Ligand code: MN
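Numbering (our numbering), first residue to last: 963 to 1168.
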C-alpha cells in the first residue's frame, strides 16, 4: 500500500486458477489484468499533470481529496479508490474452503457479530443489498471494534477513520462471467476463499 505515482497493479499473490472452482481463472484474469489495470492507468493519467501529488500513497490521496486540484478530484477519487479497493480485495483472497479466523480477530467477530456464522450472514446481506455497483466491507475502528458496511462505486471508508480489513466486490464485472446475475452464489463462494491469515495480520497491526 506504500506505492505512489506512477502506480502499478500489484501482481496477484496466487495463480490465476488458484481460487477455482469458487472464482474461475477467466473471471480473475479479466478482473485483475483488465479492470484493475484500467483504474491504475486512469489514476496515473489524472495525476500526471500534478507533480505535487506524485509522492502520495493511495491512502493519502483518498484521505486528502479536497487538496487536489478540482479538475483532477473526481478522477482521483474514482480511480485511486478503484486501485485501493481491488488491491485489498485480491490480497485478502487465497484462503482455503473451511478456513476460519483465529486469535484476536476470531474473538472480536464473536463479540461484535455474535458468531462467525452470523458475521458471514451479515456481510452477505450487506453485499446483496448494495444497489448497483459497489463493495461490502469488514472494517475496524481505532478501538478494534468491528463493523460491516457497504459503499457505492469505488468509494472507501478511509475518510471515516476506519481500517479496512477485507471487502467483496459486487460490481458485475467481479462475477458475471462465471455467475451471471446470481450475486448470492458468488458471495457464498467468495466467503470460501477469504484469506483469514491476511485479514488477521491487518487487524493485529491496528
Ligand atoms: Mn472490480
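We put the CB at the ideal spot given by N, CA and C, even for glycine. Please read all numbers here as calculations on a predicted model, not as lab measurements.
- The beta-carbon separation of residue 997 and residue 1151, rounded to 18 Å, does not stay under the 8 Å limit for a contact.
- Checking the 8 Å criterion, the Cβ of residue 1131 is within range of a heavy atom belonging to the ligand MN.
- Annotation: the region 1039-1087 contains the following complete segments of the alpha helix (DSSP H) (minimum length 4 residues), in chain order: 1065-1075.
- When 1059, 1025, 1060 are compared, the shortest CA-CA separation from residue 1043 is found for 1025.
- Assigned with DSSP and collapsed to three states, residue 985 falls in coil, not helix or strand.
- The residues 1165, 1166, in chain order, have a CB closer than 7 Å to that of residue 1066 in the same chain once the five nearest residues on each side in sequence are set aside.
- For residue 1125, the Cβ stays outside the 8 Å cut-off from all heavy atoms of the ligand MN.
- Residue 1025: member of the alpha helix (DSSP H) spanning 1020-1025, first to last residue.
- In the three-state reduction of the DSSP assignment, residue 1114 falls in the strand class.
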